[in-house]
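Chemist: My questions all concern the structure below.
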Amino acid sequence: MSNYKEACRRELEQLVEREYHLDAALLCTSDGLPVAYASSADIEADALSAMCSSMLSLGDALAIQGDDDGCIQVVTQSKNQTVALIHAGSDMLLALIGARDLKLGMLLGHARKEVDIILELMNKQHQEEQVQEQQKAPEQRQPAMLEELVKRVMQEAQNR
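Each residue of the sequence shown is one higher than the one before, starting from 1 at the first, in our numbering.
What follows is the structure, encoded as structure tokens:
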């Protein structure tokens, strides 16, 4: 999992370096735990992750109240900055924080592109883990189902 987190961090760093008005990019779980972030300014990733998670959850709740499946994005603008929040898969979110001068359409375009890249990195990591698991000897593999675990325990008990 750490390879995936490191790859996401590098991707976010490249984005922040590339875009002049973008101050920070943060990937976190939907329950508010930071996964990876990059920032040209000093940010508190833990607190920001929790706030972003809450804001996107609120957007989802409002959308559901309107008979929708959930929100696509949440955007907040203040006097000096713009923040865009977007789902990154089913259990992650991406936050992009930029200067007020950053065009909203550009910010959302970056967010969607980064989500695609992050999902690709997540899928690649998952596939690598599956291949590694399949290459292990059967007794070293993690049980895929409860039945398999019970069979393994019964087999080991009989062998003793």
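Note that the Cβ used here is the ideal one computed from N, Cα and C, for glycine as well.
Going by other Cβ atoms of all chains shown within 10 Å of its Cβ, with 16 needed for buried, is Ser53 buried or exposed?
Modeler: Ser53 should be labelled buried.
Chemist: When you compare only the Cα positions, how much space is there between Asp42 and Leu12?
Modeler: Approximately 15 Å, taken between the alpha carbons.
Chemist: Just how far apart, CA to CA, sit Glu165 and Leu85?
Modeler: Residue 165 falls outside the range modelled here, since the chain spans only 1 to 160, and no answer is possible.
Chemist: Can you tell me where the alpha helix (DSSP H) holding Ile86 begins and where it ends?
Modeler: Counting along the chain, Ile86 falls outside any alpha helix (DSSP H), though it belongs to the beta strand (DSSP E) covering 81-87.
Chemist: Please name the residue, chosen from Ser39, Cys28, His126, Asn123, that lies closest to Leu22 on a Cα-to-Cα basis.
Modeler: Out of Ser39, Cys28, His126, Asn123, Ser39 has the C-alpha closest to the C-alpha of Leu22.
Chemist: Counting Cβ pairs, one atom from each stretch, are 3 or more of them under 8 Å apart for the stretch 92-100 and the stretch 22-31?
Modeler: With the cut-off at 8 Å, the stretch 92-100 and the stretch 22-31 touch.
Chemist: Assuming Ala99 is part of the beta strand (DSSP E), what are its boundary residues?
Modeler: Residues 92-99.
Chemist: With DSSP run on the structure shown, which of helix, strand or coil describes Asp69?
Modeler: Note: Asp69 maps to coil in three-state DSSP.
Chemist: Using the rule of at least 16 other Cβ atoms within 10 Å of the residue's Cβ for burial, across every protein chain shown, is Met1 buried or exposed?
Modeler: Caution applies to Met1, whose pLDDT of 47 falls short of 50 and renders its modelled position unreliable; the value that the coordinates give is listed next. Label assigned to Met1: exposed.
Chemist: Write down the C-beta distance between Leu108 and Gln65 rounded to the nearest angstrom, noting that I regard them as a contact closer than 8 Å.
Modeler: So it is not a contact: roughly 23 Å between Cβ atoms.
Chemist: Pop quiz: Ala99 and Asn123 are said to be a contact at Cβ under 8 Å. What is the actual Cβ separation, rounded to whole angstroms?
Modeler: With a Cβ gap of about 32 Å, Ala99 and Asn123 do not count as contacting.
Chemist: With a threshold of 7 Å on Cβ separation, who are the neighbours of Ser49 within its own chain once the five nearest residues in sequence on each side are excluded?
Modeler: Once the five neighbours on either side are set aside, the close Cβ partners of Ser49 are Leu26, Cys28, Gly32, Leu33, Pro34.
Chemist: Would you please state the rounded distance, in angstroms, between the beta carbons of Ala88 and Leu119? I believe it to be under 8 Å.
Modeler: Between Leu119 and Ala88 the Cβ distance is about 7 Å, and since that is below 8 Å, they are a contact.
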